[in-house]
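Visitor: If you're matching them up, the sequences are chains A and B in order.
Residue numbering for the first sequence follows this note's numbering, beginning at 374 and increasing consecutively.
Residue numbering for the second sequence follows this note's numbering, beginning at 4 and increasing consecutively.
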Amino acid sequence: MLNMDWQVFCQDTLTGDAVAGCLGSGRDITYLNWIFTAWGWTVSVSLTALLIALLVGSLIGVIRTLPDSPWLVRLGNAWVEMFRNVPLLVQIFLWYHVMPTLVPPMRDLPPFVLVVLALGFFTSARIAEQVRAGIQALPKGQRYAGMAMGFTTFQYYRYVLLPMAYRIIIPPLTSESMNIFKNSSVAFAVSIPELTQYAMQVGEETSRPIEIYLAVTVLYVISALVINRIMAFVEKRARVPGFVVAGTGGGH
Amino acid sequence: MKKQKQLLVLTALSLARIKSSGVVNLGVRDSSGLAFTIGGGKYVGFHTEMAERIIDDLSKQAGKPLKINYQVITSQNRVPLVQNGTIDFECGSTTNNAARQKDVAFAVTTFVDEVRTAVKTSSGIKSVNDLNGKTVAVTTGTTSVQHLRRHERGANIDFKTVQGKDHADSFLLLESGRADAFVMDGSILAASISKAKNPKDFAIVGEVLSVEPIACMLRKDDPKMKEALDNSIKRQIKDGSLAKLYDKWFMQPIPPNNVALNMPLNESTKAAWATPNDKPAEAYSSKLLAK
């Protein structure tokens, strides 16, 4: 049953001949070279999208909790509902096929940028929701304390609310960061040569789809696990002694 | 001993099983250029209709009308379904190649698809060499991707490839201008173009990059069944009914849109009909390279 042939990765991608040392050179690449290139695309799409998602998500999450700015709150709510309620794959197609016809200059943007925006904004809606939850989980007194100190709105968010809110939401942020790696597989739908596309293409070329899919799965697991470990490290380093998550009698 | 006998019954040759049950399990495709559905459980297309005629011949042999049980298959499940006997044979768009011949058998080749290039007529691209510095679309999960890479190296030209997720997507890349050319099997290109908003804007150009012999697939080690299929196909070639069928499905308007594919019989297919054979794709490519 388990009749696997891992030598397939050492084959030249044009001739199918085994290459000594498994790695080709120049234009003569092996399927092993190719899988690393594909992994590179997956990692670049995911990390860039994650960066956008964290920045935009934090901004939107914060404006949704601002006091006395109903229009900013509404804008934030609209953003979250719009990007959260449309399936990711549909959003990718909207960015790739629909937006460039509505906004002609977007036609010249490389697909990479469009995918990163789509994936980043989609995830930003989810992160915004978490940031809002983190801020609202803090006792009201913290905001008032900040105000009483004479801080401006920006200052009490920066020095009082956000440092604690981020600590609270590290666990869901970890999930979201791992999700973005897995969601990056939709980039395949708009011709980004990433791992999922590699699996479909090379599985067909080599007639060894099981080995190919297993290798691709392992790379996805490694990527997600690295993010998981980094976030665990951050969580540990950022921990405030005596502060239990949410600050209200937790710790069980 | 008894167990062996049971096994023998289980793997009984298709022809004998068909005769005793009066039912043929025919594998059909639902969205290939050669075999597709028009909805409502109706399966049509060049290869589907050819298969129905094969079954007519089988009926004559059996001496009673056989009932056809249409079973939709996909690229992923067709080989296992033939192997385990769920379907007696299938006529769709399966390429006869050496790797598959290890698992299944093929009837004589009835259609040879030529991998070529579709471009916008306004682009001025006439051959593969004109693709230098251009962007070429090709569908993920097809062997054309590899042929294209080989050709790029052989002709020592440099172009960018983008891989569409399916044929419709690849054609959209060409139509929307994200790609300058779409390299794929001729039948797929012709079908895509016929469905475009303005079919006149597109043309199929350039040399044949590779050929794919398409044939009906059946269980391995069932010589009687293979002989029955081969004989029926050879009969259809000889009396000209296969050529008529080709004209009906590739030159005349066809459902569901009543648009003609306008794809005249190519040289490779003519050759395959002149000397019916079940050679795998590999036997063709070596000939192409020698040219």
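The C-beta atom is built at its ideal place from N, Cα and C for all residues, glycine as well.
The structure presented is a predicted model; accordingly, all values stated were derived computationally and were not measured.
To the nearest angstrom, report how far apart Glu-454 of chain A and Phe-495 of chain A are at their CA atoms.
Guide: Those two C-alpha atoms are separated by around 10 Å.
Visitor: Could you give the DSSP three-state label for Gln-166 of chain B: helix, strand or coil?
Guide: If DSSP states are grouped into helix, strand and coil, Gln-166 of chain B belongs with the strands.
Visitor: Determine whether the Cβ of Ala-108 of chain B lies closer than 8 Å to any Cβ atom of chain A.
Guide: Ala-108 of chain B does not count as touching chain A.
Visitor: Show which residues of chain B have a CB atom less than 9 Å away from the CB atom of Glu-608 of chain A.
Guide: By Cβ distance, chain B contributes nothing, its closest Cβ being about 37 Å from Glu-608 of chain A, past 9 Å.
Visitor: With distances taken from CA atoms, which of A:Arg-505, A:Met-573, A:Ala-491 is nearest Thr-421 of chain A?
Guide: Comparing Cα positions, the closest option is A:Ala-491.
Visitor: Short of 6 Å in beta carbon distance, which residues of its chain neighbour Leu-11 of chain B, apart from the five on each side in sequence? Order them along the chain.
Guide: Confidence at Leu-11 of chain B is low in this model, with a pLDDT of 47, below 50, so the placement of that residue is unreliable and no value is reported for it.
Visitor: Are the beta-carbon atoms belonging to Leu-29 of chain B and Glu-93 of chain B less than 8 Å from one another?
Guide: Contact flag set, yes.
Visitor: By alpha-carbon positions, which one of B:Pro-83, B:Gln-79, B:Ile-41, B:Val-27 ends up nearest to Ile-57 of chain B?
Guide: Here the closest residue by C-alpha is B:Val-27.
Visitor: Report the neighbours of Met-573 of chain A on chain B: residues whose CB is nearer than 9 Å to its CB, in chain order.
Guide: Under the 9 Å cutoff, chain B gives Thr-143, Gly-144, Gln-166, Lys-168.
Visitor: List the residues of chain B that Arg-400 of chain A touches, going by C-beta distances under 8 Å, in chain order.
Guide: Those are Arg-156, listed as they occur along chain B.
Visitor: What are the partner residues of Gly-30 of chain B, as DSSP defines its beta bridges?
Guide: The partner list for Gly-30 of chain B (beta bridge, DSSP) reads B:Gln-74, B:Glu-93.
Visitor: Using three-state DSSP, classify Ile-41 of chain B as helix, strand or coil.
Guide: Here Ile-41 of chain B sits in coil by DSSP.
Visitor: Between Gln-220 of chain B and the rest of its own chain, which residues show a CB-CB distance below 6 Å, the 5 nearest in sequence each way excluded?
Guide: As written in the sequence, residue 220 of chain B is Met, which differs from the Gln given in the question. Counting only Cβ-Cβ distances below 6 Å, and skipping sequence neighbours, we find Val-85, Glu-93, Thr-97, Val-107, Phe-109.
Visitor: Going straight from the alpha carbon of Met-573 of chain A to that of Arg-480 of chain A, what length do you get?
Guide: The alpha-carbon atoms of Met-573 of chain A and Arg-480 of chain A are separated by roughly 27 Å.
Visitor: With Glu-577 of chain A and Thr-146 of chain B assumed to form a contact (beta carbons below 8 Å), what rounded beta-carbon distance in angstroms separates them?
Guide: Glu-577 of chain A to Thr-146 of chain B, Cβ: 7 Å. Contact.
Visitor: Please go through the segment 541–571 of chain A and give each complete alpha helix (DSSP H) segment of 4 or more residues, from N-terminal end onward.
Guide: You should have 543–556.
Visitor: Whose C-alpha, out of A:Pro-545, A:Val-488, A:Val-599, is nearest the C-alpha of Pro-473 of chain A?
Guide: It is A:Val-488 whose Cα lies nearest to the Cα of Pro-473 of chain A.
Visitor: Identify the contact partners of Arg-153 of chain B in chain A, using a Cβ-Cβ distance below 7 Å as the criterion.
Guide: In chain order: Leu-387.
Visitor: Which of the three DSSP states is assigned to Arg-610 of chain A in this structure?
Guide: Three-state result, Arg-610 of chain A: helix.
Visitor: Quick check on Ser-179 of chain B: does DSSP put it in helix, strand or coil?
Guide: In this structure, Ser-179 of chain B counts as coil in the three-state DSSP scheme.
Visitor: Based on Cα-Cα distance, which residue from B:Lys-67, B:Gly-95, B:Ile-90 lies nearest to Ile-217 of chain B?
Guide: Minimum Cα distance to Ile-217 of chain B is reached at B:Gly-95.
Visitor: Val-148 of chain B CB to nearest chain A CB: under 8 Å?
Guide: Val-148 of chain B counts as touching chain A.
Visitor: Quick one: list the residues of chain B neighbouring Ala-562 of chain A, beta-carbon separation under 7 Å, in chain order.
Guide: By Cβ distance, chain B contributes Lys-168.
Visitor: Below 8 Å on the Cβ atoms is my contact criterion, and I expect Gln-570 of chain A with Gln-166 of chain B to pass it. Report the Cβ-Cβ distance as a whole number of Å.
Guide: Sure, about 6 Å apart at Cβ, within 8 Å.
Visitor: Scan the segment 80–110 of chain B for residues whose Cβ lies nearer than 8 Å to a Cβ of chain A and list them as they occur along the chain.
Guide: Within the segment 80–110 of chain B, the residues whose Cβ lies closer than 8 Å to some Cβ of chain A are Ala-102, listed in chain order.
Visitor: Just how far apart, CA to CA, sit Lys-163 of chain B and His-154 of chain B?
Guide: When rounded, the distance between both Cα atoms is 13 Å.
Visitor: Of the residues B:Met-187, B:Ala-158, B:Ala-38, which one's Cα is nearest the Cα of Ser-173 of chain B?
Guide: That would be B:Met-187, whose Cα lies nearest to the Cα of Ser-173 of chain B.
Visitor: Does Ser-580 of chain A get closer than 8 Å to chain E when you measure Cβ to Cβ?
Guide: In the structure shown, chain E does not exist; the protein chains are A and B.
Visitor: Would you mind reading off the limits of the alpha helix (DSSP H) that contains Gly-514 of chain A?
Guide: Taken as a continuous stretch (DSSP letters only), the alpha helix (DSSP H) holding Gly-514 of chain A covers 513–521.
Visitor: What does the Cβ neighbour count give for Lys-45 of chain B, buried or exposed, with the cut at 16 atoms within 10 Å?
Guide: Flag for Lys-45 of chain B reads exposed.
Visitor: Compare the beta carbon distance of Ala-182 of chain B and Thr-143 of chain B with 8 Å and say whether it is the shorter of the two.
Guide: It is not a contact, given that the beta carbons lie outside the stated cut-off.
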